[in-house]
Amino acid sequence: MESYDTIIKNGIIVTEGDTVKGDIGIKKGKIVTISESLQGAEGKIIDASGKYIFPGGIDPHTHMDMPFCGTFSSDDFITGTKAAACGGTTTIVDFAIQPKGKTLKDTVKIWREKSDKKSCIDYGIHIVITDMNDTIMREIPDIIKEGYSSFKLFMTYDGMKVDDDTLMKTLMHVTRSGGLTCVHAENYYVIDYYTKKFLKEGKIEPKYHAISRPELCEGEAVGRAIKLAQICKAPLYIVHNTCEASTSEIARARERGYPVMGETCPQYLFLSNENYEEPGFNGSKYVMSPPLRNRENWPVLWKGLQNNTLQVVSTDHCPFFIKQKEMGLDDFTKIPNGVPGVELRMCLMYNYGVREGRISLQRFVELTSTNAAKIFGMYPQKGTIAVGCDADIVIFDPNKELTITHKNLNENVDYTPYEGFKIKGYPIITLSQGEIVAKYGKFIGKEGAGKFIKRGKPKII
Ligand SMILES: [Zn+2]
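Here the sequence shown is numbered in this note's numbering, starting from 135 and rising by one per residue.
Following this line, the structure appears as C-alpha cells:
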C-alpha cells in the first residue's frame, strides 16, 4: 500500500494553468503524487472537500525588523512570518539594506542574523545597495551565486538614495552576472522641494506626506529607470506601482518588447488618499511611500494586473505601532513610512479579485505566487503545485465570511488599514514544506523552521 506523510483529499487544486479536483500525496516536505484519488493510501489525512488548494503565497516585498527613522518595523522574522503563514503566505523575500561603508557580504550577514532560526516560513533575501563602489561591483557575481539574485535601489530617501550613475552601474553589473535589478522609483528632488516648502509653511500633518509626493514624481522616476535599463540592456522590476503615471510607463516599455516588470500592493488597490483625512493623527496610519493615490487609479491598476503590465501583488509589509508613528506628530517627515499587510494579501486579492470577477482563479495564483517565484528565481521549487515541488500549500475556504479587525490578526502592530472590510474567502490551513504551520488563523508551526531559499536566475515574464 502507498504511504505518505500527509494526504490532502478531495480538494479543488488550482495552479497557474489548471483547476482540477484531486488528492495530493506529500512525503518529506515535497509533493510526490497528485491523482484523482489516493483511496486506500496511508498517511495523515486532511479533508479539503469544497475547498481550494492554492500554491502557498509568495510575498516578494516585506520589511521585517527594518531600521527606519530611528526605530524598527514592529514585526520581526518571528512575528511577521507567523502572520504571513496564518494568511496563506509560505515564502517571503525580504530586503537586506546595505549599511553605508559595509560590503554586500556584511549586509547579508546582518540580515541572516535577523532571519535564520527565526523565520517560521521559507524566505529569500534581496539586497538593497545604498553605497556603490568598486569593491561592491566586484562582489556582485559571487553574491548572486550564493542565492541573492535580486537587488533593489532607492531613487529617493535620504541616506539610501542612489544617483543615476549607481543605478546604471548596478543595472550593468547585475545583468552581466545574471541577476535582476529592482527600483523604488520616486523623484528625490520633487519630494525635497515640496517637503521643505510645506514644513516652512507650517503644513505638518500626515496628509502633506502624500501631497509632497505627486503621481508624476513616481511616473518620472519609473520612466527614467526604464530608459536607463534600456541603455544598459538590462531587465528591470519596478516595486509598488501606485498609479497611472507609473503603469503607463511600464505598459509602453513592454509594448516595445523591453524586459520591464512590476508589482502593485493591496493598499494601492483598496485604499485612497481620502484616508489621510481621517480625524486626529489617524492619517499617519497610511503614511507610506509612495503614498496612497486618488481612487481613479484603482481600475488602472486592476487593468494592469489583468493585462500583465503588472505581474505581481506584494505587500511592502512594514508595520509600525501608532506610538512609533507619533514620532512625527509635529512633522510629517518624521513619521516612519509603512503599513502592515502580509497577513491579508491572499484574502483581499481573492475577495476583490476572484470573487468580484476581476481576475480568474489562475490569474490569482499567478499574481500571488507563481509569477513571484518565476521572476525571483524560485520556480518550480515554489509557486505551483506539481510533483517534485515543495509542499507549500494553502487550503482556502471560499465560503468563510468575516469582518477584518486587527484584534484577530497575528501581525505585531495595533491597527490594520483594512479594519472593517467584509471578506468572503479565507485561508484555513497553511502547509510549509509539508508541515501544517497555521490553522484557522492561528500559528501552530515551529518557530524558526523556515529555510533560507537560495534563489536562482530570474525569469523575464
Ligand atoms: Zn518596500
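The beta carbon of each residue, even a glycine, is placed where N, CA and C say it ideally should be.
Alpha-carbon to alpha-carbon, N407 and A507: Counting from 1 along the sequence shown, the entry for residue 507 is found at position 373. Counting from 1 along the sequence shown, the entry for residue 407 is found at position 273. Approximately 31 Å, taken between the alpha carbons.
Bridge partners for F577 per DSSP, in chain order? Residue 577 sits at position 443 when you count from the first residue of the sequence shown. Note: F577 sits in a beta bridge opposite A572.
With a threshold of 6 Å on Cβ separation, who are the neighbours of A217 within its own chain once the five nearest residues in sequence on each side are excluded? For the purposes of this step, residue 217 is identified with residue 83 of the sequence shown, where counting begins at 1. For A217, where only same-chain residues beyond five positions count, the Cβ hits under 6 Å are V476, E477, N544, E545.
I'd like the ranges of any beta strand (DSSP E) spanning at least 3 consecutive residues and lying wholly in the region 328-379. 370-372
Note the first and the last residue of the continuous alpha helix (DSSP H) segment covering K178. Working through the sequence shown from its first residue, we reach residue 178 at position 44. That residue, K178, is in no alpha helix (DSSP H); its beta strand (DSSP E) goes 176-181.
Do G584 and D157 count as a contact pair if the criterion is CB distance below 9 Å? What you label residue 157 is simply residue 23 of the sequence shown in a count that begins at 1. What you label residue 584 is simply residue 450 of the sequence shown in a count that begins at 1. No.
Does I621 pass the burial test, meaning 16 or more other C-beta atoms within 10 Å, or should it be called exposed? In the structure as shown, the chain begins at 135 and stops at 595. Residue 621 is therefore absent and cannot be evaluated.
Start and end of the beta strand (DSSP E) containing D193? Residue mapping note: residue 193 aligns to position 59 of the sequence shown, counting from 1. First-last of the beta strand (DSSP E) with D193: 191-196.
Taking the beta carbon of E339 as the centre, do at least 16 other beta carbons fall within 10 Å, making it buried, or is it exposed? Position 205 of the sequence shown, counted from the start, is the residue given in the question as residue 339. Classification for E339: buried.
Identify the residues that DSSP records as bridge partners of K295: which are they? Translated into positions along the sequence shown, residue 295 becomes position 161. K295 is bridged by DSSP to F288.
Does ligand 1 have even one heavy atom less than 8 Å from the beta-carbon of D199? To locate residue 199, count along the sequence shown from 1; it is residue 65. Outside the cutoff, so no.
Would you say the beta carbon of F229 is closer than 8 Å to some non-hydrogen atom of ligand 1? The residue you call residue 229 lines up with position 95 of the sequence shown. At least one heavy atom of ligand 1 falls within 8 Å of the beta-carbon of F229.
Less than 8 Å between the CB of D209 and some heavy atom of ligand 1, yes or no? Counting from one through the sequence shown, the residue named residue 209 turns up at place 75. No - ligand 1 has no heavy atom lying nearer than 8 Å to the Cβ of D209.
Please tell me whether S346 and I325 are closer than 9 Å, where the distance is taken between their beta carbons. Start at 1 with the first residue of the sequence shown, and residue 346 comes out as number 212. Start at 1 with the first residue of the sequence shown, and residue 325 comes out as number 191. Cβ distance < 9 Å, so S346 and I325 count as in contact.
In whole angstroms, give me the CA-to-CA distance for Y186 and G293. Indexing the sequence shown from 1 puts residue 186 at position 52. Indexing the sequence shown from 1 puts residue 293 at position 159. If you take the alpha carbons of Y186 and G293, they lie about 45 Å apart.
Taking 9 Å as the threshold (C-beta atoms), are F332 and F206 in contact? Position 72 of the sequence shown, counting from 1, holds the residue named residue 206. Position 198 of the sequence shown, counting from 1, holds the residue named residue 332. No.
Cutoff 6 Å; reference Y328; Cβ partners in own chain excluding five residues on either side: The residue labelled residue 328 in the question sits at position 194 within the sequence shown. Cβ neighbours of Y328 beyond the five flanking positions: S346.
List the residues that DSSP assigns as beta-bridge partners of H451. One-based indexing of the sequence shown puts residue 451 at position 317. Per DSSP, T196, V473.
When the Cα atoms are used, what is the spatial distance from G357 to Q458? Residue 357 sits at position 223 when you count from the first residue of the sequence shown. Residue 458 sits at position 324 when you count from the first residue of the sequence shown. Pairing G357 with Q458, the inter-Cα distance amounts to about 34 Å.
Can you tell me whether N485 is buried or exposed, with buried defined as 16 or more other CB within 10 angstroms of its CB? Residue 485 sits at position 351 when you count from the first residue of the sequence shown. Label assigned to N485: buried.
Kindly list the residues whose CB is nearer than 7 Å to the CB of A182, restricted to its own chain and excluding five residues on each side of it in sequence; keep chain order. For this step, residue 182 is matched to residue 48 along the sequence shown. Only I142, K143, N144, G145, I529 meet the Cβ criterion.
Looking at D193 and ligand 1, is the gap between the Cβ and the nearest heavy atom below 8 Å? On the sequence shown, position 59 is the one that residue 193 refers to. Not so, every heavy atom of ligand 1 lies at least 8 Å from the Cβ.
Can we count C452 as close to ligand 1, meaning its CB is less than 8 Å from some heavy atom? What you label residue 452 is simply residue 318 of the sequence shown in a count that begins at 1. The answer is yes for C452.
Thinking C-beta only, is G190 closer than 9 Å to I557? Position 423 of the sequence shown, counted from the start, is the residue given in the question as residue 557. Position 56 of the sequence shown, counted from the start, is the residue given in the question as residue 190. Not closer than 9 Å, so no.
Measuring only the C-alpha atoms, how far is I261 from K341? The residue given as residue 261 occupies position 127 in the sequence shown. The residue given as residue 341 occupies position 207 in the sequence shown. Using only the alpha carbons, I get a separation of about 31 Å.
From the DSSP secondary-structure annotation, give me the bridge partner or partners of K122. The question about residue 122 has no answer, for the chain in this structure spans 135 to 595.
If you draw a straight line from the alpha carbon of T376 to that of V148, how long is it in whole angstroms? For the purposes of this step, residue 376 is identified with residue 242 of the sequence shown, where counting begins at 1. For the purposes of this step, residue 148 is identified with residue 14 of the sequence shown, where counting begins at 1. Answer to the nearest angstrom: the Cα atoms are 28 Å apart.
So, helix, strand or coil for V600, using DSSP? Since the displayed the chain opens at 135 and closes at 595, residue 600 lies outside it and no answer follows.
Between E176 and the rest of its own chain, which residues show a CB-CB distance below 8 Å, the 5 nearest in sequence each way excluded? Sequence index remark: in the sequence shown, residue 176 carries index 42 (1-based). Only M135, E136, S137, Y138 meet the Cβ criterion.
Please confirm whether E378 and Q445 have their CB atoms less than 9 Å apart. In the sequence shown, residue 378 corresponds to position 244, counting from 1. In the sequence shown, residue 445 corresponds to position 311, counting from 1. For E378 and Q445, no; Cβs fall outside 9 Å.
Any heavy atom of ligand 1 inside 8 Å of the beta-carbon of H343? As a position in the sequence shown, residue 343 is number 209, starting the count at 1. No.
Between the Cα of E320 and the Cα atoms of S423, L305, P275, H307, which residue gives the shortest distance? In the sequence shown, residue 320 corresponds to position 186, counting from 1. Nearest of S423, L305, P275, H307 to E320, Cα basis: S423.
Between the alpha carbons of T518 and T502, how many angstroms are there, rounded? Here residue 518 is taken as the residue at index 384 of the sequence shown, counted from 1. Here residue 502 is taken as the residue at index 368 of the sequence shown, counted from 1. In this model, T518 and T502 are separated by some 11 Å (Cα to Cα).
What distance in whole Å lies between the Cβ atoms of R492 and Q440, which are believed to be in contact at a cut-off of 8 Å? Position 306 of the sequence shown, counted from the start, is the residue given in the question as residue 440. Position 358 of the sequence shown, counted from the start, is the residue given in the question as residue 492. Right, their Cβ atoms sit about 7 Å apart.
Smallest Cα separation from I226: which of Y549, G522, G511, I595? What you label residue 226 is simply residue 92 of the sequence shown in a count that begins at 1. The residue with the shortest Cα to Cα distance from I226 is G511.
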